[in-house]
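Input: a single structure, listed below in structure tokens.
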Amino acid sequence: MTVAAGVRVATRDGGATELDEQTVQAFAANLRGGLVRPGDPGYDEGRLLWNGIMDKRPALITHCSGAADVIAAVNFARTHDLLLAVRGGGHGVAGRAACDDGLMLDLSLMRGVRVDPRAQTARVQGGATLGDMDRETQVFNLAVPSGVVSSTGVAGLALGGGTGWQMRKRGLSIDNLVSADVVTADGELKIASQTENPDLFWGLRGGGGNFGVVTSFEFRAYPVGPMVVLCAPFYSADLAAPALRAWRDFMREAPEEFGASFLWWSVPANPYFPAEHHGKKCVIPLVVYVGDLARGQQLIQPLLSLGTPLVDLSGPIPWTVLQGMFDPFVPRRNLQYYWKSIYLNGLGDEAVDFLVERAAAIPSTYTYWVILPFGGAMSRVGAEDTAFGRRDIPYLLEFDSMWANPDEAERNIESTRRMWAETQRHSPGGLYLNFPGFAEEGDSLVRASVGSANYQRLAAIKAKYDPTNLFRLNMNVKPQE
Ligand SMILES: Cc1cc2nc3c(=O)[nH]c(=O)nc-3n(C[C@H](O)[C@H](O)[C@H](O)COP(=O)(O)OP(=O)(O)OC[C@H]3O[C@@H](n4cnc5c(N)ncnc54)[C@H](O)[C@@H]3O)c2cc1C
Numbered sequence: 477m478t479v480a481a482g483v484r485v486a487t488r489d490g491g492a493t494e495l496d497e498q499t500v501q502a503f504a505a506n507l508r509g510g511l512v513r514p515g516d517p518g519y520d521e522g523r524l525l526w527n528g529i530m531d532k533r534p535a536l537i538t539h540c541s542g543a544a545d546v547i548a549a550v551n552f553a554r555t556h557d558l559l560l561a562v563r564g565g566g567h568g569v570a571g572r573a574a575c576d577d578g579l580m581l582d583l584s585l586m587r588g589v590r591v592d593p594r595a596q597t598a599r600v601q602g603g604a605t606l607g608d609m610d611r612e613t614q615v616f617n618l619a620v621p622s623g624v625v626s627s628t629g630v631a632g633l634a635l636g637g638g639t640g641w642q643m644r645k646r647g648l649s650i651d652n653l654v655s656a657d658v659v660t661a662d663g664e665l666k667i668a669s670q671t672e673n674p675d676l677f678w679g680l681r682g683g684g685g686n687f688g689v690v691t692s693f694e695f696r697a698y699p700v701g702p703m704v705v706l707c708a709p710f711y712s713a714d715l716a717a718p719a720l721r722a723w724r725d726f727m728r729e730a731p732e733e734f735g736a737s738f739l740w741w742s743v744p745a746n747p748y749f750p751a752e753h754h755g756k757k758c759v760i761p762l763v764v765y766v767g768d769l770a771r772g773q774q775l776i777q778p779l780l781s782l783g784t785p786l787v788d789l790s791g792p793i794p795w796t797v798l799q800g801m802f803d804p805f806v807p808r809r810n811l812q813y814y815w816k817s818i819y820l821n822g823l824g825d826e827a828v829d830f831l832v833e834r835a836a837a838i839p840s841t842y843t844y845w846v847i848l849p850f851g852g853a854m855s856r857v858g859a860e861d862t863a864f865g866r867r868d869i870p871y872l873l874e875f876d877s878m879w880a881n882p883d884e885a886e887r888n889i890e891s892t893r894r895m896w897a898e899t900q901r902h903s904p905g906g907l908y909l910n911f912p913g914f915a916e917e918g919d920s921l922v923r924a925s926v927g928s929a930n931y932q933r934l935a936a937i938k939a940k941y942d943p944t945n946l947f948r949l950n951m952n953v954k955p956q957e
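Sequential numbering from 477 applies to the sequence shown in this note's numbering.
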């Protein structure tokens, strides 16, 4: 690292402080991972997040090599009252993993995963991606319930809940969390589990990055694959209404081995898809069966006969391939993203007709809308058993808006916000905090999503573990006064 004059760094109150060179040097010398500043090699690569619309410039980036570096960085930020951002996988749509002029604590060197095949558990470091985790667990034909895009960070995903193909059978990621190592605001490494710091353990399961930096998670893993069955016929959007009804009815009766999502999309302009269909609006009644392959293939037949698909990707597929299947369509940096979600009351005729009509006007061919069915194991956990909140919702709808040209940002964001507002009449309120748009509504979004009893409890836990709100760049909960 080259050394120049002192460094001006943003503070938590919105001001700034001048750190003298000696102080910064001493901090850097105390890190094994490294400290990067504007102008240093790797600065741009380090600061840029997955969402191409985010362009934040921290004054300092710490690349942490382990818990000791995390402790050093948290102590440094607290002592100097610095604005602090924590980066796990960098996928957070709201872009809170970086900050302008503050300290960015980056965990991307900490991607280790150790699997205990006898106990069927996996110990996963705080900067690991889903791809890192699936690769190691699949050595033993195991998988931790998590999300559906391999480049997503385990940490942000799991701290917000963690929806994915296994959630009806095994629950959310947080429902399979055994323990976590957390560096709290006082710079101490604490273990959080049902028996140690149980209040912290409760808060971590849905309360996001409010309580500290998770340096590692221990999850339960389950037999999965190596092959699973995918049902993914791309039907023309003309068939949207019957396909959605058929998928809804299918999933009502489907065994819990089925994970599912219904997609509105446009056939990607990608050589993998026939050129004559590129850009055509389509719907995909997508389901994934984790279990006996022959039985899975037989069970999906009703969803394959709703018409003549434009493209059909159905069939047995390796779990790790399935988990990477969407990666090319949600590339890091090359697109801009505004992803916002909403809970749905149901998929009655009125809601179906409303969604089908509105989806026809999605302004970008990159965008997809996704409906996920809740239910099964994830809904057998009580609303107050974890911080996540409501578990009785039948469906989650995500408006995953994406565009390539920055000039189209306003149009896409505005249309998503309008759609989100109009869909409120089909919603009991609340959303999935891992898809919060830019979280522009502040903590009202958290309250509405976790419920007021859970919010009060989170605020009390926040006051205990982070009384000065050091960890504020997240779905923030204010410490109870
Ligand atoms: C392409 C894509 C696909 C997705 N698919 C799914 C899905 O299938 N299921 C699902 O549930 N969600 C999904 N998500 C949403 C995803 O869970 C959130 O965006 C999540 O925040 C990503 O975590 P991250 O660590 O990559 O993000 P980051 O941007 O690094 O972190 C987000 C926030 O989490 C906190 N944080 C991160 N790491 C730590 C840590 N180690 N300790 C403490 N706090 C930390 C920080 O507050 C940070 O601001 C998807 C997102 C994208 C972009």
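The beta-carbon is built from N, C-alpha and C at its ideal position, and this holds for glycine as well. Since the model is a prediction, treat every value here as computed from it, not as a measurement.
Ligand 1 heavy atom lying under 8 Å from the CB of residue i
i, result
"Arg563", "yes"
"Trp845", "no"
"Ser627", "yes"
"Val806", "yes"
"Arg685", "The question names Arg, yet the displayed sequence has Gly at residue 685. For ligand 1, at least one heavy atom lies less than 8 Å from the Cβ of Gly685."
"Leu782", "no"
"Ala736", "no"
"Asn881", "no"
"Thr944", "no"
"Gly636", "yes"
"Leu536", "no"
"Arg513", "no"
"Ser649", "yes"
"Leu525", "yes"
Residue i vs residue j beta-carbon contact at 9 Å
i, j, result
"Gly578", "Leu525", "no"
"Arg644", "Arg948", "no"
"Glu494", "Val512", "no"
"Gln812", "Trp879", "yes"
"Val689", "Leu823", "no"
"Leu934", "Ala863", "yes"
"Met854", "Pro912", "no"
"Ser712", "Leu786", "yes"
"Leu872", "Ile838", "no"
"Gln614", "Gly518", "no"
"Pro744", "Phe830", "no"
"Pro593", "Met727", "no"
"Phe616", "Val654", "no"
"Ala722", "Leu820", "no"
"Leu907", "Gly637", "no"
"Gly528", "His567", "no"
"Glu442", "Val846", "Since the first residue of the chain shown is 477 and the last is 957, residue 442 is not available in this structure."
"Leu635", "Ser622", "no"
"Asp803", "Ser649", "no"
"Leu559", "Leu581", "no"
Inter-residue spacing [alpha-carbon to alpha-carbon] between residue i and residue j
i, j, result
"Ile760", "Ser737", "8 Å"
"Gly647", "Glu957", "34 Å"
"Gln774", "Leu706", "12 Å"
"Val562", "Gln777", "45 Å"
"Pro750", "Thr597", "42 Å"
"Met477", "His902", "Below a pLDDT of 50, predicted positions are generally treated as unreliable, and Met477, at 44, falls in that range; the measurement from the model is reported next regardless. Spanning the two alpha carbons is a distance of roughly 54 Å."
"Thr671", "Asp657", "13 Å"
"Gln799", "Val828", "28 Å"
"Gly709", "Gly852", "A small fix is needed here, since residue 709 is Pro in this sequence, not Gly. Going from the Cα of Pro709 to the Cα of Gly852 covers about 24 Å."
"Ala553", "Phe503", "10 Å"
"Ala939", "Gly603", "26 Å"
"Asp942", "Arg508", "26 Å"
"Val922", "Tyr931", "7 Å"
"Asp788", "Leu779", "11 Å"
"Glu497", "Asp516", "15 Å"
"Ala548", "Glu521", "22 Å"
"His753", "Ile869", "35 Å"
Selected residue, minimal CA-CA separation from residue i, among the options
i, options, result
"Gly682", "Gly632, Val659, Tyr842", "Gly632"
"Asn551", "Ala661, Met801, Gly638", "Ala661"
"Pro731", "Ile818, Val766, Cys575", "Val766"
"Ala924", "Arg866, Trp896, Ala897, Asp883", "Arg866"
"Tyr842", "Trp815, Arg856, Arg611", "Trp815"
"Gly590", "Arg611, Pro718, Ala574, Leu581", "For the sequence presented, residue 590 should be read as Arg rather than Gly. For the residues Arg611, Pro718, Ala574, Leu581, the minimum Cα distance to Arg590 belongs to Arg611."
"Ser891", "Gly603, Ala722, Ala835", "Ala835"
"Leu680", "Gly851, Pro955, Ile937", "Ile937"
"Ile793", "Val763, Pro747, Leu780", "Val763"
Chain C within 9 Å of residue i, Cβ atoms only
i, result
"Ala631", "The chain labelled as chain C is not found in the depicted structure, where only one protein chain is given."
**Request:** Starting from the N-terminal side, write out each stretch of the beta strand (DSSP E) that is 3 residues or longer and does not extend beyond the stretch 606 to 684.
**Result:** You should have 653 to 659, 665 to 669.
**Message:** Suppose only complete runs of 4+ residues qualify. What are the alpha helix (DSSP H) ranges in the stretch 824 to 874, listed by chain order?
**Reply:** Within the stretch 824 to 874, the runs of alpha helix (DSSP H) that reach at least 4 residues and sit entirely inside it are, in chain order, 825 to 835.
**Message:** Suppose only complete runs of 4+ residues qualify. What are the alpha helix (DSSP H) ranges in the stretch 498 to 568, listed by chain order?
**Reply:** The stretch 498 to 568 contains these whole alpha helix (DSSP H) runs: 519 to 523, 543 to 555.
**Request:** Identify every run of the alpha helix (DSSP H) within the stretch 752 to 802, keeping only runs that are complete inside it and at least 4 residues long; order them along the chain.
**Result:** Within the stretch 752 to 802, the complete alpha helix (DSSP H) runs of at least 4 residues are 769 to 775, 777 to 780, 795 to 800.
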